[in-house]
Ligand SMILES: [Zn+2]
Ligand SMILES: [Zn+2]
């Protein structure tokens, strides 16, 4: 499967995709708006932009759903967050700080860098805020 290019995603969109991933891929725009305390029209606009890039499907009555590509992308975004969180927690930050600090800069870290760190850490399966899956392109299948 083609890897999703995550470098152009804004921190906000990264957060929406991670949220959908944690909800097994689906949510209503109203739920997204409530979770992020944003205006429903802002959520709708973000969903429209994400669906234009093929990462989510939006059906008026069933809600927002990650596509196959969106799922792969979101899995990486969650792994990136949790790998960076683990690194920060190894260097003195408590769980909550590590989670919060990772969110401040994770959008700028490339997939290649994460894969290298993931490998050097032995592909950890537990992060500070949940499990880590090592799917597409992590290198875990090469061994
Ligand atoms: Zn976290
Ligand atoms: Zn890995």
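In the working numbering, the protein residues as written are 572 to 714. We put the CB at the ideal spot given by N, CA and C, even for glycine.
Judged by DSSP in its simplified three-state form, residue 680 adopts coil rather than helix or strand. Taking 8 Å as the cut-off, the Cβ atoms of residue 653 and residue 703 count as close. Distance between residue 698 and residue 661, taken at the CA atoms: about 11 Å. Residue 655 is positioned such that its CB atom lies no closer than 8 Å to that of residue 588. Secondary structure at residue 639: helix, using DSSP grouped into helix, strand and coil. With 16 or more neighbouring CB atoms inside 10 Å of its own CB, residue 584 falls in the buried class. Around the beta carbon of residue 632, a 10 Å sphere encloses fewer than 16 other beta carbons of the protein chains shown; the residue is thus reported as exposed. With contacts defined as CB atoms closer than 8 Å, residue 614 and residue 624 fail to qualify as a contacting pair.
Under the DSSP definition of a beta bridge, residue 628 partners with 636.
The criterion of a C-beta distance shorter than 8 Å is not satisfied by residue 650 and residue 609.
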